[in-house]
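In my numbering, the protein residues as written are 4 to 197.
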């Protein structure tokens with residue numbers, strides 16, 4: 004059994020991290036389905052979900068342990084559910100709404116992992132009950148579930164001066180991938196008690 008606590012280690016209650024003390028039951032990694040989108044900046048949320056799965060189980064995320072439903076796939080690991088929509092990013096809300104109903108989970112009990120082109124590559128932010136900042140996947144979720152009162156782990160993908168629409172669907176380069184892998188390790192060490 005795994006026991007995952009998502010909280011800033013060493014932080015006093017109510018300081019620093021807006022989701023400190025929240026009982027997270029579902030972690031959703033956003034991305035686009037299909038091989039052509041694998042390894043793109045827009046799929047960083049889904050990539051981090053795979054990373055969490057491999058850290059927790061010692062296995063790769065493509066194993067048959069994942070159960071498939073109409074709009075999502077998921078795996079239960081102890082007290083936590085890891086899930087990813089199987090629809091395109093801009094319609095992620097359909098999947099998240101179905102996940103909440105399927106598992107009888109409240110919006111405040113989810114953590115959404117996603118790319119953020121406003122945050123420099125290698126950095127991250129944690130948000131709760133914030134606007135989408137133009138991220139269509141987040142807009143879709145908020146509209147579908149009728150609230151923005153859920154937690155988000157925003158993974159920075161900004162590098163260079165290109166507009167987000169011009170680079171988020173590009174494949175991640177080797178050097179940029181190393182930066183993201185380091186970020187994943189830092190986030191796990193800082194926030195996840197396994």
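Note that beta-carbon positions come from the ideal geometry of N, C-alpha and C, so glycine has one too.
Owing to the predicted nature of the structure, the values given are computational and were not obtained by experimental measurement.
Please report the straight-line C-alpha distance between residue i and residue j, rounded to a whole angstrom.
i: residue 78; j: residue 152; result: 24 Å
i: residue 44; j: residue 125; result: 12 Å
i: residue 12; j: residue 160; result: Low per-residue confidence applies at residue 12: pLDDT is 47, beneath 50, and the placement is therefore not dependable enough to give any value.
i: residue 181; j: residue 55; result: 16 Å
i: residue 111; j: residue 176; result: 35 Å
i: residue 185; j: residue 97; result: 32 Å
i: residue 88; j: residue 192; result: 26 Å
i: residue 109; j: residue 190; result: 24 Å
i: residue 163; j: residue 106; result: 40 Å
i: residue 170; j: residue 132; result: 27 Å
i: residue 123; j: residue 68; result: 34 Å
i: residue 150; j: residue 42; result: 30 Å
i: residue 155; j: residue 178; result: 26 Å
i: residue 84; j: residue 50; result: 16 Å
i: residue 93; j: residue 37; result: 14 Å
i: residue 30; j: residue 130; result: 14 Å
i: residue 21; j: residue 70; result: Caution is warranted here: a pLDDT of 30 is assigned to residue 21, below 50, making its placement in the model unreliable, and no coordinate value can be reported.
i: residue 157; j: residue 61; result: 25 Å
i: residue 202; j: residue 174; result: In this structure the chain extends from 4 to 197, so residue 202 is not present and cannot be described.
i: residue 95; j: residue 26; result: 22 Å
i: residue 76; j: residue 134; result: 26 Å
i: residue 183; j: residue 172; result: 16 Å
From the DSSP secondary-structure annotation, give me the bridge partner or partners of residue i.
i: residue 116; result: 32 and 156
i: residue 78; result: 85
i: residue 131; result: 154
i: residue 71; result: 76
i: residue 2; result: Shown here, the chain extends from 4 to 197; a query on residue 2 therefore has no answer.
i: residue 174; result: 43
i: residue 51; result: For residue 51, which the question treats as bridged, DSSP gives no partner whatsoever.
Note down, in chain order, each residue of its chain lying with its Cβ closer than 6 Å to the Cβ of residue i, except the 5 sequence neighbours on either side.
i: residue 72; result: none
Between the options, which lies nearest to residue i when the distance is taken from Cα to Cα?
i: residue 90; options: 100, 84 and 82; result: 100
i: residue 187; options: 37, 52, 30 and 27; result: 52
i: residue 74; options: 61, 103 and 82; result: 103
i: residue 82; options: 28, 156, 127 and 130; result: 28
i: residue 113; options: 136, 145 and 173; result: 145
Taking 7 Å as the limit between beta carbons, can you name the residues of its chain near residue i, skipping five residues before and five after?
i: residue 46; result: 34, 35 and 40
i: residue 127; result: 156, 157, 158, 159, 186 and 190
i: residue 32; result: 48, 49, 51, 52, 87 and 116
For residue i, I'd like the list of residues in its chain whose CB is within less than 8 Å of its CB, leaving aside the five on either flank, ordered along the chain.
i: residue 136; result: 119 and 121
Taking contact to mean at least 3 C-beta pairs separated by less than 8 Å, is the region 139-146 in contact with the region 114-130?
yes
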